[in-house]
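Sequence order for the protein chains is A and B.
My numbering puts the first residue of the first sequence at 35, with every later residue one more than the last.
My numbering puts the first residue of the second sequence at 35, with every later residue one more than the last.
2 protein chains.
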Amino acid sequence: MENVDSVTARVDMTKYRPYAAKVKRFDIESGSFIAVLNEREARENGIFTGDRVVISTRGNKKIVIVDLSEEVVERGEIGLFAETSSELKLQDGDLVEIRQVGVPSSISIIHRKMDGIAMSNEEVDTVISEMMQNRLSDVELASWVAGMYIRGLDTEETVALTKAIVKSGDTLDLGKKPVVDKHCAGGVAGNRTTMVLVPIIAAAGLYIPKTSSRAISSASGTADTMEVLAPVEFSIEEMRRIVLKTHGCMVWGGAINLAAADDKLIRIRHTLSLDPRGVLLASILAKKVSVGAQYVVIDIPAGMGTKFEDMASARSLARDFLTIGSRLKLDIECLITDGTDPVGQRIGSALECQDVLNVLQNQAPRDLLDKSCQLAGALLEKCGTVRKGRGYAAALDLIKNGKAYAKMKEIIAEQGGNPNVKISDIPVGKYTHVVEAEASGRVRLVDNRNVSRIARAAGAPHDKGAGLILHCEQGDKVNEGDLLFEVVAESEAKLDIAVKMIEDMNPIKLQNIVLGKMD
Amino acid sequence: MENVDSVTARVDMTKYRPYAAKVKRFDIESGSFIAVLNEREARENGIFTGDRVVISTRGNKKIVIVDLSEEVVERGEIGLFAETSSELKLQDGDLVEIRQVGVPSSISIIHRKMDGIAMSNEEVDTVISEMMQNRLSDVELASWVAGMYIRGLDTEETVALTKAIVKSGDTLDLGKKPVVDKHCAGGVAGNRTTMVLVPIIAAAGLYIPKTSSRAISSASGTADTMEVLAPVEFSIEEMRRIVLKTHGCMVWGGAINLAAADDKLIRIRHTLSLDPRGVLLASILAKKVSVGAQYVVIDIPAGMGTKFEDMASARSLARDFLTIGSRLKLDIECLITDGTDPVGQRIGSALECQDVLNVLQNQAPRDLLDKSCQLAGALLEKCGTVRKGRGYAAALDLIKNGKAYAKMKEIIAEQGGNPNVKISDIPVGKYTHVVEAEASGRVRLVDNRNVSRIARAAGAPHDKGAGLILHCEQGDKVNEGDLLFEVVAESEAKLDIAVKMIEDMNPIKLQNIVLGKMD
């Protein structure tokens, strides 16, 4: 029996053997650049599944990853999916030359990383750039991520990875200062601080080109929520124009090619829920560097039910942010916040907008107002806009004197929304279900994860008007029959699904005085 | 920004949300069970790339891995590749129910392995069985292999993995004893010992149900070489019949479903040339257990240019084979052999057959005869056929008295070949190129890898008649103009390619007495 052979042997050998084949198009997008070769013919040319070949035609070239089939393509044929055939402008029957190319340099770098050898700057650059050229397969990328997860990344590697991710995408150069940014390490329902903080910061005269994500597992991402008020999909040039005019924006990061390598890495990490610390740091900080930020505030929610259940692990992440940030010339402040409870009363895109507009008009919910001003205040102090210790008050002033709200209207208008929208104009679902306390007691917990699950069952994030309204928070005393929360949906069917879930997943837990009874 | 979410959250949530979609067939084999869902619709249902969904229709169910696209499939559609639509007998427009299924248990097992926690027997079983159900993506399998590579496998894990691989495929139960097997840890050109050893062993009355592989990077695998003499693709029932009748066979393992999980693992390992020790051991030994072997001889070629350049690493592998073997009730003998030189004079399927038939008729090449008798002798001693120290002589006797050759004819006939084939009947390529010594000197090295490369450039393994004939071996003294080797090809074009390679990759290196000259 022959063993898995060395990569080198295969490459040298086939350098000498280009061959020609006729294109057979598959009008399907495969999500990556793949060519299907006839299995036996490929083997005779020393080409195996997962190898890379370069396809040449009329001076155009493209490196693709090989898949083999004995049935789909005959000898003399090459099957191409839509991405490749359209990029090379190939029709059925066109003749192309197929030539195996050297194994990407990344392979040996990944190998060494798995063996515990730290990567140099150049090596990190190589892997990211070969990944961006679609030269690395899922198997290789997964091995790399696994290697980084198990072996860890040191400071040098993390800095190199951040820089390489920045280089992989576009960057924003406003030509103005100071540029600030904000990040939340996630996991708390509601928590729309960005939409309060951005207008405060912009009103204070700083620049904040904010990109946000859509919901992955939550009821609404900042981009989903902002979209209720204005469009959020812009090119980087449009984004620049908006920020230069209003000092801030709230756009969807997915529409902009910032830190492009990060999207590819996230897909791999997501599959296994792998979060190598160094990759996480690089992923977050690369986005901040890409928009040209000098000052960054990072919200790290900690406590039961969050990613950081104890202060020690939250502090450790904060320290890492500071270490890597200073190497990247980012002036960072980390705020470890109480993440046990949702922030704000309303969960779901439209409902959260109501909270945000209320807060900007100096109304409840108090926790959202408070947290937003804490975060904004930290940035105001960092930039020297106000002196140390005066940040929170200065932020609150900008709410109270209406400047933040006026700025919000400006940004909404600039992004193409209606600046004069009233809270009562925002459409929410008309199907509601009320949940009352079955006994008296104190609210022990409002579970973030179950809040998100029920909101999603009710239709969020797709149904902008779906979600939850919380009528109590941790610590409240409630009596039997008191209103705990409402579920809101745009259709009766989805409301029913959400209501069914409450039995198993009631997000509001009351403290039981009597834990058991015997008679 | 929201972080990569927890797998659990996604699953619980969507348990409640099956949805229906119309089938859109793609008549392409994708190599695995994949469904393409509309990206936005999937996201609304909490389904992401790489998730698994179960597709149900008229009582049939199939678990597939999800791919997402915004363009290929509309809302309300599900794109199915050929494998899935044909297995579920689905036509375009058929309605199916899509429901996310629990994340495979393997995910957390793989995670823990990456964290350095050894796998239990049950956990190894779970990963192998979910892999066999196509429930694990490449990313997950690659992470598992990377985890096993970096963390290593202990004896318990390796034994569990071997047993799980055995369970994943068919097994052969001859109902006879003793059953023996042989393995070569690979990398030496020529080296067709199996085709000499099997007839010796069978002639001695032992049972040897031998499966072999085809060439990966070499000029010919045992299955390719045997195929010159007789068909090698049989079902396990046919294999059983042949072995019960003749005591031996030489068939292609790829046609038989032994140790099925191994093929899937090899694909992942191959991509990165990852050879985690425990996986290598399990992969090899599972095949031996699957054919019911009790006694196994393992040839570990060592020396310059092989996988084991020093004796220490060869010995370490041998020790591991013995340790794991004893746990599997396999009585193993490892022979560490000199692998610096090719074994036999002829390289390439048809040419190697000539060597084999010569040796079976007690002719040269001596090294092939010698090595085959050493390996066969070890098995004869293990089984108690002859007493300790008498194995080699007994094996040689079976060559000398013609019994091994007679047995070979029997096996050829039983596999459907012509038992009376003469060496001169075996067709070899008619295009040859002769390489002569450019100076006098002693042969320092015959490089296995370059021998294979040139033979492959000349057409091997596809062209059965292509290859190399060596006219000298390590240590020979040659004079300027002496014949070193010949290249043989079936076409002039391929001969030319091979000849061009010789400049860079002359496999025969002469010792230089004068290393430099100045005047």
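Note that beta-carbon positions come from the ideal geometry of N, C-alpha and C, so glycine has one too.
**Asked** Any Cβ of chain A within less than 9 angstroms of the Cβ of Ile625(B)?
**Response** Residue 625(B) lies beyond the residue range present for chain B, which begins at 35 and ends at 553; the question has no answer from this structure.
**Request:** Just grab the DSSP bridge partners of Arg133(A) for me.
**Result:** Val88(A)
**Request:** Report the neighbours of Phe82(B) on chain A: residues whose CB is nearer than 7 angstroms to its CB, in chain order.
**Result:** His304
**Sequence-distant residues of its chain with Cβ nearer than 8 angstroms to Gly255(B) (five each side left out)** = Ser246, Ser247, Arg248, Ala249, Pro495
**Prompt:** Terminal residues of the continuous beta strand (DSSP E) containing His467(B)?
**Reply:** 465-470
**Asked** Measuring CB to CB, does Ile445(B) end up less than 9 angstroms from Ala264(B)?
**Response** yes
**Message:** I believe Arg74(A) touches Glu104(A) by the beta-carbon criterion, under 8 angstroms. Please report the beta-carbon distance rounded to the nearest angstrom.
**Reply:** 7 angstroms
**Asked** Quick one: what's got a C-beta closer than 6 angstroms to Pro453(B)'s C-beta in the same chain, skipping five residues either side?
**Response** Lys443, Ile446, Ala447
**Message:** 9 angstroms is my cut-off, CB to CB: does Asp354(B) come that close to chain A?
**Reply:** no
**Message:** In the DSSP output, what is Arg109(A) paired with across the bridge?
**Reply:** None; Arg109(A) has no bridge partner.
**Request:** Check the Cβ-Cβ distances between Leu175(A) and every residue of chain B, and say whether any is below 9 angstroms.
**Result:** yes
**Prompt:** What do you reckon, are the CB atoms on Ile89(B) and Val130(B) nearer than 9 angstroms?
**Reply:** yes
**Message:** On the CB-based measure, 16 or more other CB atoms within 10 Å of its CB, does Val38(A) come out buried or exposed?
**Reply:** Unreliable positioning characterises Val38(A) in this predicted model, as indicated by a pLDDT of 36, which lies under 50. The coordinate reading is nonetheless provided below. Val38(A) comes out buried.
**Prompt:** Nearest CA to the CA of Glu524(A): which residue from Glu507(A), Gly501(A), Lys511(A)?
**Reply:** Gly501(A)
**Prompt:** Relative to chain A, which residues along the stretch 70-81 of chain B have a C-beta separation below 7 angstroms, given in chain order?
**Reply:** Glu78, Gly80
**Asked** Among residues of its own chain, excluding the 5 on either side of Val468(B), which ones have a beta-carbon nearer than 7 angstroms to its beta-carbon?
**Response** Leu517, Glu520
**Request:** Report yes if the C-beta distance between Gly493(B) and Ala532(B) is below 9 angstroms; otherwise report no.
**Result:** yes
**Asked** Where do the N-terminal and C-terminal ends of the beta strand (DSSP E) with Thr305(A) fall, by residue?
**Response** Taken as a continuous stretch (DSSP letters only), Thr305(A) belongs to no beta strand (DSSP E), being part of the alpha helix (DSSP H) at 294-306.
**Message:** So the candidates are Val330(A), Lys422(A), Val455(A), Ala398(A); which of them puts its Cα closest to the Cα of Thr433(A)?
**Reply:** The identity of residue 433(A) in the sequence shown is Ile, whereas the question assumes Thr. Here the closest residue by C-alpha is Ala398(A).
**Item:** Residue from Leu124(B), Ala219(B), Ile503(B) whose Cα sits closest to the Cα of Phe115(B)
**Value:** Leu124(B)
**Item:** Where Met539(A) sits in the DSSP three-state scheme
**Value:** helix
**Message:** Could you check whether the Cβ of His467(A) sits closer than 9 angstroms to any Cβ belonging to chain B?
**Reply:** no
**Item:** Whole-angstrom distance between Lys201(A) and Thr466(A), CA atom to CA atom
**Value:** 48 angstroms
**Residue span of the alpha helix (DSSP H) that contains Arg353(A), given as start and end** = 345-361
**Request:** For chain B, find out if any of its Cβ atoms is closer than 9 angstroms to the Cβ of Asp459(A); answer yes or no.
**Result:** no
**Message:** Below 8 angstroms, how does it come out for the stretch 175-183 of chain B and the stretch 304-316 of chain B: are there three or more Cβ pairs, yes or no?
**Reply:** yes
**Message:** Please identify, using Cβ separations under 9 angstroms, the residues of the stretch 143-158 of chain B that lie next to chain A, in order along the chain.
**Reply:** Ile144, His145, Met148, Asp149, Gly150
**Asked** Is Ser247(A) helix, strand or coil when you go by DSSP?
**Response** coil
**Asked** Comparing alpha-carbon positions, which option in Ile162(A), Thr227(A), Asn291(A) lies nearest Met260(A)?
**Response** Thr227(A)
**Message:** For Val232(A) and Gly282(A), which I take to be in contact (beta-carbon distance under 8 angstroms), what is that distance rounded to the nearest angstrom?
**Reply:** 5 angstroms
**Request:** Verify the contact flag: Glu367(B), CB atom, against every heavy atom of the ligand GDP, threshold strictly below 8 angstroms.
**Result:** Because no ligand of any kind appears in the structure shown, any question about the ligand GDP cannot be addressed here.
**Request:** Assign Asn513(A) to buried or exposed, taking buried as 16 or more other Cβ atoms, counted over all protein chains shown, within 10 Å of its Cβ.
**Result:** exposed
**Asked** Can you tell me whether DSSP reads Thr371(B) as helix, strand or coil?
**Response** strand
**Prompt:** Quick one: does Arg226(B) have its CB under 9 angstroms from some CB of chain A?
**Reply:** no
**Message:** Which of the three DSSP states is assigned to His145(A) in this structure?
**Reply:** helix
**Prompt:** When burial is assigned at 16 or more other CB atoms within 10 Å of the CB, is Met153(A) buried or exposed?
**Reply:** buried
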